[in-house]
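Just so you know, we're using the numbering used here here: the sequence shown kicks off at 3 and counts up by one.
Using N, Cα and C, we set each Cβ at its ideal position, and we do this for glycine too.
As the structure is a computational prediction, the values presented were derived from the model and not from experiment.
Comments concern the structure below.
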Amino acid sequence: MDGMASKTMVARPGPLLFGATIFGLVVWLAVLLVLPQVQGIGTGTYLSAVLMALLFATLLVGHLSTEIEFQSDGIAAKTFFRRLRCRWSGIDRVEVRPLLPGITIYLICTVRGPVVFTSLWKNHRPLLEALRERTRFA
């Protein structure tokens, strides 16, 4: 984190999240291709498969557009739905919540709104270190 004043760093969903999302999308698209060949399948089953494929497609778009950029003056979070900039002094608290073994969810509560990332993101450790160094929550 030394020398952060001269550059920025970006944290975004990592390859495991992308891979799982692409795998889910491919599986549900394959199900949609197989369903017409199975006798007795109702409209509800087709609708369910379409909705699952749309869910994974939406997750993929969300992963592609989500990032947290951290600089010397604060963080800038971007999702599919919003953009948020906050100075380090505007961070109210940081919550760390273990989810499963090896997976942790981090919640940054700012004066402008919440920012969430997980341990499955690229650069999540440098972001957590920057939060510890630059906020009062060390």
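- Put simply, of G46, I24, D94 and L19 the residue whose alpha carbon is nearest the alpha carbon of G115 is D94.
- The three-state reading of DSSP puts L57 in helix, counting H, G and I together.
- Uninterrupted beta strand (DSSP E) stretches at least 3 residues long and entirely within the region 90 to 127 occur at 93 to 102, 105 to 112 and 115 to 120, given in chain order.
- By the Cβ test, the region 46 to 64 is in contact with the region 12 to 30, since at least three Cβ pairs between them sit closer than 8 Å.
- Rounded to whole angstroms, the separation of the alpha carbons of G64 and T81 is 7 Å.
- Nearest in C-alpha terms to Q73, of all of P128, P17 and R138, is P128.
- Counting only the Cα atoms, S50 lies some 15 Å from T60.
- In this structure, DSSP gives G16 a state outside helix and strand, which the three-state scheme calls coil.
- The C-beta distance from R84 to D75 rounds to 20 Å, too long to fall under 8 Å, and the pair is not in contact.
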